[in-house]
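Trainee: Residue numbers (full-length UniProt numbering): 1 to 344.
Where a beta carbon is used, it is the ideal one built from N, C-alpha and C, also for glycine.
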């Protein structure tokens with residue numbers, strides 16, 4: 001049985017999609033799973049043993065280009081028994097339709113009748129978690145999801161990890177605190193730089209080193225955090241934001257003794273690497289897409305105005321993050337330190 005998955009467009013969602021792949025393998029141990037997704041997601045998919053092949057999808061988020069979708073669909077004709085669509089858009093249903101895949105499964109949305117022939121109606125109260133909505137598509141409609149739920153687990157090749165360490169001149173002679181201070185979603189997910197700097201300072205004074213990760217857009221935030229460290233401490237930190245590929249970032253993050261992250265894609269990567277993780281929440285909630293790992297401390301204030309899920313604070317104060325003091329995160333890190341997971 002060959003299954004084509006049309007994958008999501010965000011890092012965190014792609015990590016959580018592994019729960020669907022795991023469910024499919026549990027139900028159909030001999031099935032082969034290919035994932036059609038943006039090229040950036042390849043390093044994530046290559047670290048999922050359930051996935052046979054990552055198929056690069058060349059169109060950006062929101063782009064229609066009907067002729068291109070038809071061409072890709074025709075190129076996949078005859079290769080799959082089922083397609084499962086994780087996005088709810090009409091556009092995402094076109095390639096499986098053009099490919100003539102016999103069974104095309106997905107949630108009802110954006111007038112997809114005809115394009116899908118196994119249309120599910122989502123009960124948000126029954127499936128409050130994103131992973132439940134992914135996993136349900138591996139089962140018959142209205143079937144009970146088996147528990148315990150699987151968790152994302154990215155597999156690391158020690159050879160590529162050593163190559164990444166060598167490339168960036170990093171050593172593991174001291175414990176590693178990874179900071180992920182960015183968030184593509186917007187300012188309402190970003191814990192302030194001055195708070196991150198206080199956490200970095202506390203760990204460095206205890207003999208740790210600090211690695212900062214993120215995209216090119218996060219490089220300036222990383223530099224701001226480092227600039228707030230006094231000389232002598234600053235040298236024990238390195239800003240890798242925008243300097244690594246996603247593959248290198250994943251491999252290097254697997255070396256972390258602890259991670260502090262905003263609610264972001266890298267938070268889900270850290271959880272899937274089973275790193276001790278402090279997840280900082282402001283405008284969003286862990287109730288829909290929590291980090292899925294054994295050692296997680298969620299830190300949030302839970303103000304009356306949060307979660308609002310807005311990209312910018314409607315009141316302009318961002319108090320859900322600004323008033324969340326570094327001591328809360330440092331205390332969470334200390335709680336995690338009693339259960340350090342070995343790097344494998």
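1. On the DSSP bridge list, what partners appear for residue 116?
2. So for residue 105, helix, strand or coil by DSSP?
3. My output table needs one value for residue 345: the three-state DSSP class, helix, strand or coil.
4. Nearest-angstrom Cα distance between residue 177 and residue 215?
5. Am I right that residue 15 and residue 44 are in contact with their C-beta atoms under 8 Å? What's the rounded C-beta distance?
6. Where does residue 203 sit, in a helix, a strand or coil, going by DSSP?
7. When DSSP labels each residue in this structure, what does residue 290 get in the three-state scheme?
8. Alpha carbon to alpha carbon, how far is residue 175 from residue 83? Give it in angstroms, no decimals.
9. Whose CA, out of 254, 139, 152 and 133, lies closest to the CA of residue 87?
10. Residue 155 to residue 163, Cα distance in whole Å?
11. Using only the alpha-carbon positions, how far apart do residue 63 and residue 230 sit?
12. Look up residue 5 in the DSSP assignment and say whether it is helix, strand or coil.
13. Taking the Cβ atom as the reference point for each residue, do residue 204 and residue 235 lie within a distance shorter than 7 Å?
14. Would you report the Cα separation of residue 9 and residue 219, rounded to the nearest angstrom?
15. From what residue to what residue does the alpha helix (DSSP H) around residue 30 run?
16. To the nearest angstrom, how far is the alpha carbon of residue 4 from that of residue 33?
17. Assign residue 122 to buried or exposed, taking buried as 16 or more other Cβ atoms, counted over all protein chains shown, within 10 Å of its Cβ.
18. What is the rounded straight-line gap between the Cα of residue 75 and the Cα of residue 137?
19. What are the boundary residues of the alpha helix (DSSP H) that includes residue 66?
20. When you compare only the Cα positions, how much space is there between residue 130 and residue 146?
21. Please state the DSSP three-state secondary structure of residue 341.
22. Going by Cα to Cα distance, which pick from 290, 294, 302 and 250 is closest to residue 128?
23. Exposed or buried, which one is residue 309 when buried takes at least 16 other CB atoms within 10 Å?
24. Could you tell me if residue 245 is buried or exposed, where buried requires 16 or more neighbouring beta carbons within 10 angstroms of its beta carbon?
25. Could you give the first and the last residue of the continuous alpha helix (DSSP H) run that contains residue 133?
Mentor: This is what the structure gives:
1. Note: residue 116 is bridge-paired with 113 in the DSSP secondary-structure output.
2. strand
3. Absent from the structure is residue 345, since the part of the chain shown begins at 1 and ends at 344.
4. 18 Å
5. Separation of the CB atoms of residue 15 and residue 44 is rounded to 6 Å, and the pair is thereby assigned contact status at 8 Å.
6. When DSSP states are grouped into helix, strand and coil, residue 203 belongs to the helix group.
7. coil
8. 44 Å
9. 133
10. Those two C-alpha atoms are separated by around 16 Å.
11. 47 Å
12. Three-state DSSP puts residue 5 in a strand.
13. no
14. Our two residues, residue 9 and residue 219, have alpha carbons roughly 22 Å apart in a direct line.
15. Neither: residue 30 is in no alpha helix (DSSP H) and is coded neither H nor E.
16. 6 Å
17. By the beta-carbon neighbour count (other beta carbons within 10 angstroms, threshold 16), residue 122 is exposed.
18. 25 Å
19. 66–75
20. 16 Å
21. Model confidence at residue 341 stands at a pLDDT of 45, short of 50, so the residue's coordinates are unreliable; what they give is reported in the following sentence. Three-state DSSP puts residue 341 in coil, outside helix and strand.
22. 290
23. exposed
24. exposed
25. 130–135 is the span of the alpha helix (DSSP H), which, as asked, contains residue 133.
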